[in-house]
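Protein chains in written order, with the numbering used here: chain S, 58 to 385; chain V, 705 to 991; chain R, 142 to 410. C-beta: ideal position from N, C-alpha, C; glycine also. Please read these numbers as outputs of a predicted model, since none were measured by experiment.
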Amino acid sequence: MEALRARGLTKAFRVKRKDQGLGGSLRSWLRPEWEEKIAVANIDLDVGRGETVAFLGPNGAGKSTTIKMLTGILHPSSGEATVVGFTPWRERAKLAYRIGTVFGQKSQLWYHLPPLDTFELIGRIYEMKRDDYAKRREDLIERFELGPYLRTPVRKLSLGERMRCEIAASLLHRPELLFLDEPTIGLDVVVKQRIRELIRERNRSEETTVFLTSHDAGDVEELCSRVLVIHHGGLLLDEPVERIKRDVLSRKTITITLAAEVSPEELPCVQGTENVAVAGRQVRLEVDLRRAGVEEVLSGFIGRFGIEDLTVEDPPMEEIIKHIYGER
Amino acid sequence: MDRTMGDSSRTEAGKAVAIWGAGAAAFAKSAAVARITLRQMMFYKTDFLLRCAFLLMILYVFSQLWSAAYGGGETGSVAGFTLKQLLWYLVFTEALTLAAPPICSRIEQEVKNGDVAMRLVRPISYVLYHYASFLAEAALRFAIHLLAGSLVVWPIVGAPNFGYGWAALLSLSLGALTVTFLMAAAIGLCAFWIEETRGLEFVLQKLQFTLGGMLLPIDLMPDWLQRICAWLPFRAAMYLPARAAVHSGGDHLLRDLGVQAVWLAVLGAIVAVIFRRGAVKLHVNGG
Amino acid sequence: MSTGDSGGLRAIAAFLGTCWKINLASALEYRLSFALLAGMMFINNFIWLFFWNLFFSRFPIVQGWELRDVMLMWAIGAGGFGWVNLLFGNFTRIATIVSTGELDLYLAQPKPVLLHVLASRMSITAAGDFVFGLVIFAWVGERTLLGALAFALGLLLAGLLFLGVMLHVGCLAFFIGNSEGIAQQALGSFVSLSTYPSSIFKGAARAMLFSLIPAGFISYLPIGLLKHFDPWFVTAAIAATALIGGSGIALFRFGLKRYASGNLIAARS
């Protein structure tokens, strides 16, 4: 059974072209020239019930336009879609009862009130039976460990605590499909981890289908079974996360700050490192984990140089996309 | 907002039941929105107090001005208003004016920053949501303003012994606040097309102040202006309830309610059209 | 305001000139919204006169005031508020500037702090107020040299009184922390009080208007200065203006000392 299916989904916006200066504004106001901008081009999507899918892409790639079409906010220019059995833009109101949404940058919680009040409102808006609501709420509070924050006004919660409440709030009405738009944005590593665990656990225990956008490669690796990459409005890649891990996320960027300046010639040469860049005391390099381990690379440095600081990062989204392009 | 109606909606009786059910559900949702709005209002106590302080001051100024105009005598009547009736009239119009939360700029803000899209994925009508929230806030403020206003005017011109006038005031105030809401919402929703609604809001506010009879009962205006006011919705938002309150008797009550009903229908239709157009624009252009 | 600056008055004048030039230039960047906002204010004031017109058509004389006097009261009130808000547009925002810590920006610069704060903003809507004042005077005022001079003195006094009162209110933020809401309401109330004929108030209320809340000095100007020149009233108005201005500056200095000592940080959090 499919949770989500889209064929040839396309969205083109008409944008007014505006010239510089007052004369330009006046001209564009009197005789507007329109430009067609394609935000999403001919996308096919299939998401099975209970799947966890990551929808990746750099900023402006068309991620949120796609989500808006799938939740019924935007009408596509062409193409069709079915989300839990409904055509989103024709049956938005009916669909609303069956899906949940979390927009990482917009809060649905009432700012000056404790989260409990918003929960109550949501229970009413989604027409939940009272006893069912109470049971469900207690369950989520326990799972998400919200007990200590329930009576604290939202404005006094940390970003991570708030995000846990956001997600719990959107799960109250047992959505079959949960759209998460950048759920970990702005959070620190430990909190990100916790949020990911919670989402994963919901997916396992209730078979909630998860459709998640992010530009954080970590979200994908740890949460999702399949990855869709969108770039310039088109679908670039649709593969199981295992393959992505092997092919693309197999790279890490290591930045080392040394105690003293070095010249590039002095650096150890380790198989599997690429794009080595030296700036003063800072050395930056990429490691291909299929060919060398992080440990192996570091051992080349330890002992020979004094190391003051060290970071190991996933490559940024832009790098990953460049890499995928390179492979095709 | 339409909802899943099940199979019973095929028969006529089933349809009626389904519509009634949808109505009851919408009411329950609105009540929930109203409750949470009131709870959040508790946070803005200082704002409340300051507003009341302003109300006290301005009503004191009015009482001095009109006492001077009436020459202090309480016997005279101008265009059917004694000093006492006039001052209580002003308490009611000011209480109504200051009761309305800034719904126009709230809606404008949501349209501009895209929050309106987020609200569309919830199973409650966007306009209904704001109406419920508006009414809860306005009702509480109105009640408190009435108390505060009484503090000023009662000692000066005596008790508000208007009898049925109170019933008229309360029954017309609901419609009056709704008219205010619809006019402000219509302008706030214009943010779908124009960048700044502040100018329009300003014009609306000023028209309400003058042609709505906030500062001066319409009966005291020259004939030509009274005739213009009769054709405009502004008087339904302020003048009608305040006048009905001080001219007890209730003989005009049905007619006044009728006037309000007409304006509610007209303005409601306008808001519905604007919102639907705006939603289409949002669907096509993403706002 | 520190007076020990190098270069003295001339340097300060040049500095003020530059502030105003920059403010004007940035206001003119958005000509359309400038015209719109100023026009809106003009219409707003006009609507009040429309109300007074209706009022006086029912009651031709109230406590010796006629429509013309009320019009001139609005001309002085709006015009005075207008020029101060054009040249020293931050005078309504002192509380905000203090309680948000924006003040640090000014403290870090070598110009007299209060003057710098005040002159760093030009209120666009105020242009409408100022022009309104001039237009109404040209319409119903005494169009002689002496009349114009008296009106100019009225504008000067009214503007400085608004400035002095708001300075006191704004300085509250030095002592009680966040007082933006109070300052805003105080401004609204003071402006309202100064646009009703002072003669309608009796007893204690009247005494208040000529002491604690000196709005009476503004609202009585059309009678005591323009209609029947009353040397006692005019002298009192000038003295009151000087006193309020002086005590406002002193209060700001005192507050600044407190601010610099860091006591406020605790109050703010």
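Neighbour list for residue i in chain V, Cβ cutoff strictly below 8 Å
| i | result |
| --- | --- |
| residue 247/R | Residues of chain V passing the Cβ test: none, with the nearest at roughly 27 Å. |
| residue 214/R | Result: empty, since nearest Cβ-Cβ is about 13 Å, beyond 8 Å. |
| residue 158/S | 822, 825 |
| residue 40/S | Residue coverage of chain S in this structure runs from 58 to 385, which leaves residue 40/S outside it and unanswerable. |
| residue 188/R | 910, 913, 914 |
| residue 185/R | 906, 910 |
Nonlocal neighbours in the same chain, by C-beta distance under 7 Å from residue i, ignoring five residues either side
| i | result |
| --- | --- |
| residue 807/V | 834, 838, 885, 888, 889, 892 |
| residue 68/S | 96, 97, 122, 126, 131, 133, 134 |
| residue 208/R | 193, 194, 197 |
| residue 337/S | 318 |
| residue 295/S | 285 |
Other residues of its chain near residue i: CB distance less than 6 Å, five sequence neighbours each side excluded
| i | result |
| --- | --- |
| residue 378/R | 298, 358 |
| residue 705/V | In this predicted model, residue 705/V has a pLDDT of only 40, less than 50, meaning its place in the structure is not dependable; the value taken from the coordinates is given anyway. Contacts found: 829. |
| residue 159/R | none |
| residue 331/S | 343 |
| residue 341/S | 312, 334 |
| residue 918/V | 797, 801, 942 |
| residue 347/S | 307 |
| residue 146/S | 129, 132 |
| residue 405/R | With a pLDDT of 49 at residue 405/R, under the threshold of 50, the modelled position of that residue is not reliable, and the figure given next carries that caveat. Correct list: empty, nothing qualifies. |
| residue 277/R | 212, 216 |
Residue i: contacting residues in chain V (beta-carbon distance under 7 Å)
| i | result |
| --- | --- |
| residue 337/R | 765, 769 |
| residue 174/S | 740, 743 |
| residue 184/S | 729 |
| residue 342/R | 768 |
| residue 370/R | The contacting residues do not exist; residue 370/R stays about 24 Å from chain V at best. |
| residue 153/S | 825, 826, 827 |
| residue 322/R | 750, 751, 754 |
| residue 329/R | 758 |
| residue 313/R | What residue 313/R touches in chain V: nothing, since even the nearest Cβ is about 13 Å away. |
| residue 118/R | Lying outside 142 to 410, the shown extent of chain R, residue 118/R is not represented and no answer is given. |
Within chain S, partners of residue i - CB distance below 8 Å
| i | result |
| --- | --- |
| residue 987/V | 130, 131, 132, 146 |
| residue 863/V | None at all; the shortest Cβ gap to chain S is about 38 Å. |
Chain-ordered chain R contacts of residue i [CB-CB under 8 Å]
| i | result |
| --- | --- |
| residue 773/V | 196, 199, 200, 203 |
| residue 780/V | In chain order: nothing, as chain R lies at least about 11 Å away. |
| residue 925/V | 195 |
| residue 761/V | 330, 333, 334 |
Interface partners of residue i on chain S, CB under 9 Å
| i | result |
| --- | --- |
| residue 819/V | 163 |
Beta carbon of residue i nearer than 8 Å to that of residue j
| i | j | result |
| --- | --- | --- |
| residue 165/R | residue 217/R | no |
| residue 968/V | residue 882/V | yes |
| residue 102/S | residue 166/S | no |
| residue 255/S | residue 157/S | no |
| residue 771/V | residue 905/V | no |
| residue 156/R | residue 220/R | no |
| residue 783/V | residue 200/R | no |
| residue 231/R | residue 259/R | yes |
Own chain partners of residue i with C-beta closer than 8 Å, once the 5 adjacent residues on each side are dropped
| i | result |
| --- | --- |
| residue 258/S | 200 |
7 Å Cβ cut-off: residues of chain S touching residue i
| i | result |
| --- | --- |
| residue 747/V | 169 |
| residue 977/V | Correct list: empty, because the minimum Cβ distance to chain S is about 19 Å. |
Evaluate the contact criterion for the segment 729 to 739 of chain V versus the segment 299 to 309 of chain R: three or more CB pairs, one atom per stretch, below 8 Å. By the C-beta criterion, the segment 729 to 739 of chain V is judged not to be in contact with the segment 299 to 309 of chain R, since fewer than 3 inter-stretch pairs fall below 8 Å.
Continuous alpha helix (DSSP H) assignments of at least 4 residues falling wholly in the segment 895 to 947 of chain V: Positions of the alpha helix (DSSP H) runs, each at least 4 residues long and wholly inside the segment 895 to 947 of chain V, are given as 902 to 915, 927 to 934, 938 to 941 in order along the chain.
Ordered list of beta strand (DSSP E) runs contained in the segment 180 to 224 of chain S, each at least 3 residues: For the segment 180 to 224 of chain S, not a single whole beta strand (DSSP E) run of length 3 or above is found.
Does the segment 784 to 800 of chain V come within contact of the segment 860 to 872 of chain V, defined as at least 3 CB pairs closer than 8 Å? Taking a contact to require three or more Cβ pairs closer than 8 Å, the segment 784 to 800 of chain V and the segment 860 to 872 of chain V qualify as touching.
Restricting to runs no shorter than 3 residues, where is the beta strand (DSSP E) found entirely within the segment 245 to 298 of chain S? When DSSP assignments are scanned along the segment 245 to 298 of chain S, the uninterrupted stretches of beta strand (DSSP E) that are 3 or more residues long and fall wholly within it turn out to be 266 to 271, 283 to 288, 291 to 297.
Could you pull out every unbroken alpha helix (DSSP H) segment of at least 4 residues lying fully inside the segment 108 to 157 of chain S, listed in chain order? For the alpha helix (DSSP H) assignment, the uninterrupted runs of no fewer than 4 residues enclosed by the segment 108 to 157 of chain S are, from N- to C-terminal side, 120 to 127, 149 to 153.
Contact between the segment 335 to 344 of chain R and the segment 190 to 201 of chain R is defined here as three or more beta-carbon pairs at a separation below 8 Å; is this criterion met? With the cut-off at 8 Å, the segment 335 to 344 of chain R and the segment 190 to 201 of chain R do not touch.
At a cut of 8 Å, does the segment 164 to 181 of chain S reach the segment 737 to 755 of chain V through at least three beta carbon pairs? The count of Cβ pairs closer than 8 Å, one atom from the segment 164 to 181 of chain S and one from the segment 737 to 755 of chain V, reaches three, so the stretches are in contact.
Evaluate the contact criterion for the segment 260 to 267 of chain S versus the segment 228 to 236 of chain S: three or more CB pairs, one atom per stretch, below 8 Å. Flag = yes, the segment 260 to 267 of chain S and the segment 228 to 236 of chain S touch.
Contact between the segment 813 to 822 of chain V and the segment 843 to 850 of chain V (3+ Cβ pairs under 8 Å): Counting Cβ pairs under 8 Å, fewer than three are found: no touch.
In the segment 296 to 361 of chain R, which residue ranges form an unbroken alpha helix (DSSP H) of at least 4 residues, counting only runs that do not cross its ends? Taken in chain order, the complete alpha helix (DSSP H) segments of 4 or more residues contained in the segment 296 to 361 of chain R are 321 to 334, 344 to 350, 357 to 360.
Three Cβ pairs or more, each shorter than 8 Å: is that satisfied between the segment 237 to 246 of chain S and the segment 197 to 214 of chain S? For the pair of segments examined, the segment 237 to 246 of chain S was found not to touch the segment 197 to 214 of chain S: the number of CB pairs separated by less than 8 Å stays below three.
For the segment 296 to 351 of chain S, which segments carrying the beta strand (DSSP E) assignment without a break, of at least 3 residues, lie completely within its bounds, in sequence order? Correct list: 308 to 315, 330 to 336, 339 to 345.
Is it a yes or a no for the segment 178 to 196 of chain S touching the segment 756 to 775 of chain V, going by three-plus beta-carbon pairs under 8 Å? A contact is defined here as three or more CB-CB pairs under 8 Å, and the segment 178 to 196 of chain S fails this definition with respect to the segment 756 to 775 of chain V.
Continuous alpha helix (DSSP H) assignments of at least 4 residues falling wholly in the segment 742 to 803 of chain V: Listed in chain order, the complete alpha helix (DSSP H) runs (minimum 4 residues) inside the segment 742 to 803 of chain V are 749 to 773, 787 to 803.
Every unbroken alpha helix (DSSP H) inside the segment 203 to 234 of chain R [4 residues or more]: Within the segment 203 to 234 of chain R, the runs of alpha helix (DSSP H) at least 4 residues long that lie entirely inside it are, in chain order, 208 to 228.
Any contact between the segment 262 to 279 of chain R and the segment 345 to 364 of chain R? By contact I mean 3 or more CB pairs, one from each, below 8 Å. In this structure the segment 262 to 279 of chain R does not lie against the segment 345 to 364 of chain R, because fewer than three pairs of beta carbons, one per stretch, are closer than 8 Å.
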